[in-house]
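Since the structure comes first, as structure tokens, the remarks are kept for the end.
Numbering (UniProt numbering), first residue to last: 1 to 228.
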């Protein structure tokens, strides 16, 4: 029994002794200057990445000798999302840091004061995107101009299914601190000082909500199923 557990917890190798590629599913969100560029699940794995400005290089979590164990990374996730969805990105490659620096996603290019930042589960990353590995189920955020924003909005509700005409309570917080956010816009309503808002849907079907505030990064989306 111990042997079985040991084998299952190790990195799986094939009969030739080669490490099999680790494949994980993460939640990726890309918040641009004026809109959400992408939000959804991405199946990601390590691979060589090619950009117009940076050429082709490895991007597997071992970059800059940060780790001896390879795996899917922030940049490999971004790259696979762009390859399988309708958006583009570019980045330069720094040989000193052995990593890519994101310079553009869609039409949101860096400037002297605006950059692309990366967060995992609402925590700022501290190493490069090809060094930072990602794990199953993590929430990955690429946020434009994040250093000039006050909050990273997080949208939550206890209910995902609601009867038509019934009220549903939504809460908006700062994903980093848990602080309730007053004055965030959800639909056509504004959160109160405790960060709450009550919404009533009068239309059947799937309804998608996001929170906005001018000084903040947009929230994740919440999908509500309105039934009879």
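Where is the CB? At the ideal position from N, CA and C, for every residue including glycine.
Segment limits, alpha helix (DSSP H) that includes residue i
i          : result
residue 80 : 74–84
Where residue i falls: helix, strand or coil (DSSP)
i           : result
residue 119 : strand
residue 184 : coil
residue 147 : helix
residue 20  : coil
residue 216 : strand
residue 134 : coil
residue 190 : strand
residue 224 : strand
residue 31  : strand
Continuous beta strand (DSSP E) stretch holding residue i: start and end
i           : result
residue 231 : Within the shown structure, residues of the chain are numbered from 1 to 228, placing residue 231 beyond reach of any answer.
residue 230 : Any property of residue 230 remains undetermined from this structure, which presents the chain solely from 1 to 228.
residue 154 : 151–156
residue 161 : 161–163
For residue j and residue i, believed in contact at Cβ under 8 Å, the rounded distance
i           : j           : result
residue 122 : residue 175 : 4 Å
Check whether residue i and residue j have beta carbons under 8 Å apart
i           : j           : result
residue 130 : residue 94  : no
residue 133 : residue 73  : yes
residue 195 : residue 206 : no
residue 220 : residue 108 : no
residue 204 : residue 172 : no
residue 101 : residue 38  : no
residue 168 : residue 159 : yes
residue 97  : residue 64  : yes
The ligand MG heavy atom lying under 7 Å from the CB of residue i
i          : result
residue 94 : Looking for the ligand MG in the displayed structure turns up nothing, as the structure carries no ligands at all.
> Hey, which unbroken runs of the beta strand (DSSP E) at 3 residues or more fall wholly within the stretch 39–65?
Replying inline: Listed in chain order, the complete beta strand (DSSP E) runs (minimum 3 residues) inside the stretch 39–65 are 49–51 and 55–57.
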